[in-house]
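Enquirer:
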Amino acid sequence: MNISFKPGESLLGQAVLEKQTIVVTEVPADYIQVRSGLGYAKPLNLLVVPLIIDENVVGVIELGSFKKFTPLQLKFIKEVSENIAIAIQSAQSRKRVKELLEK
Numbered sequence: 003m004n005i006s007f008k009p010g011e012s013l014l015g016q017a018v019l020e021k022q023t024i025v026v027t028e029v030p031a032d033y034i035q036v037r038s039g040l041g042y043a044k045p046l047n048l049l050v051v052p053l054i055i056d057e058n059v060v061g062v063i064e065l066g067s068f069k070k071f072t073p074l075q076l077k078f079i080k081e082v083s084e085n086i087a088i089a090i091q092s093a094q095s096r097k098r099v100k101e102l103l104e105k
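The opening position of the sequence shown corresponds to residue 3 in my numbering, with each subsequent residue numbered one higher.
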C-alpha cells in the first residue's frame, strides 16, 4: 500500500515528525475498521511506529489491536521495526545501484 502524507499530518505524519512510536488507547469512533473473514470491527488500540535508520524515517507501520498492547509486544515491535527499516533501506540502495548501472 502506498499512502502519501505530510510530516505532522495525521497520526502517521505525527510519528514521522516526532520520530516516536504513538500508542492510541481510545480509537475515534469514525476510525477505519479492520476487515476479516468474519466481518468488520473497529480496533480498540493503535500503534503507529516510524521505521528509522540513521535518524531518517523510511516508512511507518500502523497496527490495530482488539486488546491493549503488552510491554513484550511493544518491545518485539520496536525490535522488528528496526529490521524492517534496514530491509527498506537495503532495497532502496539496491534499486539506486541498479539504476546507476543501467545508465
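Quick reminder that beta carbons are idealized off the backbone N, C-alpha and C, glycines included.
Round the Cβ separation of Pro45 and Ser67 to the nearest angstrom and send it over; I've been treating them as touching at under 8 Å.
Expert: With a Cβ gap of about 6 Å, Pro45 and Ser67 count as contacting.
Enquirer: In angstroms, rounded to a whole number, what distance separates the CA positions of Glu57 and Asp32?
Expert: The straight-line gap from Cα to Cα measures roughly 33 Å.
Enquirer: What does a CB cutoff of less than 7 Å around Asn85 pick up in its chain, not counting 5 residues either side in sequence?
Expert: No residues qualify anywhere along the chain.
Enquirer: Between Val60 and Lys21, is the Cβ-Cβ spacing less than 8 Å?
Expert: In this structure, Lys21 does not lie closer than 8 Å to Val60 by Cβ.
Enquirer: Look at the alpha carbon of Tyr42 and the alpha carbon of Pro30, and state the distance between them as a whole number of angstroms.
Expert: Spanning the two alpha carbons is a distance of roughly 16 Å.
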